[in-house]
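Quick note: the sequence shown uses the numbering used here, first residue 53, plus one each step.
Note that the Cβ used here is the ideal one computed from N, Cα and C, for glycine as well.
Scroll down for the structure; my scribbles are underneath it.
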Amino acid sequence: MKVYLDSIGCRLNQSEIETYARQFRLAGHILVPTAGEADLAVINTCTVTTAADSDSRSRIRQAIRSGTGNVVVTGCWSTLYPDQATQIPGVSSVIPNVEKNSLVPTLLDISEEEFDLEPLARELIPGARLRTRAFIKVQDGCDNRCTFCVTTIARGSGKSRSAKDILKDIQDTITNGESSAKEIVLTGVHLGSWGQDLPSPRNITTLINMILKETDVARLRISSIEPWNLDEQFFSIFAEPRVCRHIHLPLQSGSATVLRRMARKTTPESYAEIVSKIRKTCPEIAITTDLIAGFPGETDQEFSETIDFIHEINFAGGHVFTYSARPGTSAANMPNQVPHQLRKSRNAELRRVFAKSAEGYERRFLNQTVEVLWESVTEMDSNSWSMHGLSDNYLRLKTRAAKNLWNQITPVKIKKFMQKGLVGEIQGF
Ligand code: SF4
Numbered sequence: 053m054k055v056y057l058d059s060i061g062c063r064l065n066q067s068e069i070e071t072y073a074r075q076f077r078l079a080g081h082i083l084v085p086t087a088g089e090a091d092l093a094v095i096n097t098c099t100v101t102t103a104a105d106s107d108s109r110s111r112i113r114q115a116i117r118s119g120t121g122n123v124v125v126t127g128c129w130s131t132l133y134p135d136q137a138t139q140i141p142g143v144s145s146v147i148p149n150v151e152k153n154s155l156v157p158t159l160l161d162i163s164e165e166e167f168d169l170e171p172l173a174r175e176l177i178p179g180a181r182l183r184t185r186a187f188i189k190v191q192d193g194c195d196n197r198c199t200f201c202v203t204t205i206a207r208g209s210g211k212s213r214s215a216k217d218i219l220k221d222i223q224d225t226i227t228n229g230e231s232s233a234k235e236i237v238l239t240g241v242h243l244g245s246w247g248q249d250l251p252s253p254r255n256i257t258t259l260i261n262m263i264l265k266e267t268d269v270a271r272l273r274i275s276s277i278e279p280w281n282l283d284e285q286f287f288s289i290f291a292e293p294r295v296c297r298h299i300h301l302p303l304q305s306g307s308a309t310v311l312r313r314m315a316r317k318t319t320p321e322s323y324a325e326i327v328s329k330i331r332k333t334c335p336e337i338a339i340t341t342d343l344i345a346g347f348p349g350e351t352d353q354e355f356s357e358t359i360d361f362i363h364e365i366n367f368a369g370g371h372v373f374t375y376s377a378r379p380g381t382s383a384a385n386m387p388n389q390v391p392h393q394l395r396k397s398r399n400a401e402l403r404r405v406f407a408k409s410a411e412g413y414e415r416r417f418l419n420q421t422v423e424v425l426w427e428s429v430t431e432m433d434s435n436s437w438s439m440h441g442l443s444d445n446y447l448r449l450k451t452r453a454a455k456n457l458w459n460q461i462t463p464v465k466i467k468k469f470m471q472k473g474l475v476g477e478i479q480g481f
């Protein structure tokens, strides 16, 4: 059977799609790059914002329009709105999040154990998701109740995967084949809570140390982790050369009063303290974040506190989300919802501030050498390749090379700053 896989939204959805891809291939099926070629399409949806809702619906409709006979929908949007998903003409079934881990065995009517047999060389998923980096899901769900967050409603309480399963997934991903992953990105809804619900509770630092000790992964990226519940040992992991000099710490607001209304378990002071501990171990680390523009009741004063805090922390970059009320969250019913136009103008201002601090971070590395994983490569002529890649400290670089170095890590000297990425020169090739 020919299978098309599509995913909207977060890295967790992406890591689930990678697992489905591997399971379909193990069962002898072929992955195809477009829904039009497929006998079965699986769409993993998202509901984090209203835009993600509408993107999810339109990707389902696109798959149906392309003529795929069998369209299966899963993920957060279809879990929260199963009636809407089922009623889209052409959807064959809707699989809720609680059952998504066994989606492939259920669809193929085979037992889950059949996938635990031999390792299979990693292959990239055809189509839009030609990723060199592998996202490995280590946990799902969250026990917090941030007042804006719909993810925790859609994905339920925190559930950690066992260290054994995670290590096996990583091992399978990094061994065999030219697509074997050189970089593993640990992924979860609330990564820092990993291990708390296991029969013998453990923490994320233990897991990271196990991965470093028991696998030969070339690069390990911590990705996004909430800025609390981090033990003192956590900060020292950035001294390990295989751990990427990058951490994404979602802040959401730089105002203490807004953070309280959001029910975040952090304050600007405790956030700054975490940043300073990480920078003590690794001064050149890239610290990135998420912010919400126009959370209910956000005053001009609170917004300017956020701007000041971004300046204080000096982020290497960040994502800004315009607040959108999600049904079922308590923030949706809070008074003083910020007018849409103001949310948008605050979003634009936050982006400007981030762009400036990102430029400052990038310029620090001019004339320095960094290790780059080449993620996309285009042949220009018979001996010239245009390549784009990512450094361990989250710098986007481009270069020209005499040979195709796709999915390889090479040292690169940074020569020039440009708005759309740094320009580098490969060393020693
Ligand atoms: S910690 Fe993250 S996932 Fe959990 S409720 Fe808050 S925003 Fe949502």
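- Taking the Cβ atoms as the reference, residue 332 lies roughly 27 Å from residue 196, outside the contact range of under 8 Å.
- Annotated three-state conformation of residue 246 is coil, per DSSP.
- Between residue 450 and residue 431, the alpha-carbon positions lie close to 14 Å from each other.
- The DSSP-derived three-state label of residue 192 is strand.
- Assigned with DSSP and collapsed to three states, residue 412 falls in helix.
- Straight across, the Cα-Cα distance linking residue 148 with residue 127 is about 7 Å.
- Nearest to residue 141 by alpha-carbon distance, out of 155, 112, 388 and 220, is 112.
- At a cut-off of 8 Å, the beta-carbon of residue 203 counts as near the ligand SF4: some heavy atom of the ligand is closer than that.
- The distance from the Cβ of residue 233 to that of residue 185 is about 6 Å, consistent with a contact at the 8 Å cut-off.
- Assigned with DSSP and collapsed to three states, residue 423 falls in strand.
- According to the DSSP assignment, residue 239 belongs to the beta strand (DSSP E) that extends over 235–239.
- Setting aside the 5 residues that flank it on each side, residue 410 is surrounded in the same chain by 368 and 369, each with a C-beta closer than 7 Å to its C-beta; the list follows chain order.
- Ranked by Cα distance from residue 60, the options 463, 102, 340 and 267 are led by 102.
- Sequence-distant partners of residue 120 (beyond 5 residues in either direction) whose C-beta falls short of 8 Å from its own C-beta, in its chain, are 56, 87, 88, 90, 91, 92 and 93.
- Below 8 Å, too few C-beta pairs join the region 286–297 and the region 348–356 to call them touching: fewer than three.
- Judged by the Cβ position, residue 302 qualifies as a neighbour of the ligand SF4 at the 8 Å threshold, a heavy atom of the ligand being closer than this.
- In the three-state reduction of the DSSP assignment, residue 373 falls in the strand class, which pools E and B.
- Between the ligand SF4 and the CB of residue 347, the shortest heavy atom gap is not smaller than 8 Å.
- Relative to the ligand SF4, the nearest heavy atom lies less than 8 Å away from the CB of residue 196.
- Excluding sequence positions up to five before and after residue 437, its CB lies within less than 8 Å of the CB of 429, 430, 431, 452, 453, 454, 455, 456 and 457, all in the same chain and listed in chain order.
- With 16 or more other Cβ atoms from the protein chains shown falling within 10 Å of its own Cβ, residue 192 counts as buried.
- Counting only residues of its own chain and dropping the five nearest sequence neighbours on each side, residue 281 has a CB closer than 6 Å to the CB of 244.
- Secondary structure note for residue 356: its alpha helix (DSSP H) is the uninterrupted segment 352–365.
- Residue range 474–478 is occupied by the beta strand (DSSP E) that includes residue 477.
- Within the region 240–324, the alpha helix (DSSP H) runs of at least 4 residues that lie entirely inside it are, in chain order, 256–266 and 308–314.
- Taking C-beta separations shorter than 8 Å and ignoring five residues to either side along the sequence, the partners of residue 154 in its chain run 164, following chain order.
- Note on geometry: alpha-carbon atoms of residue 214 and residue 379 lie some 33 Å from one another.
- With a beta-carbon spacing of about 4 Å, residue 75 and residue 156 fall inside the 8 Å limit used to define contacts.
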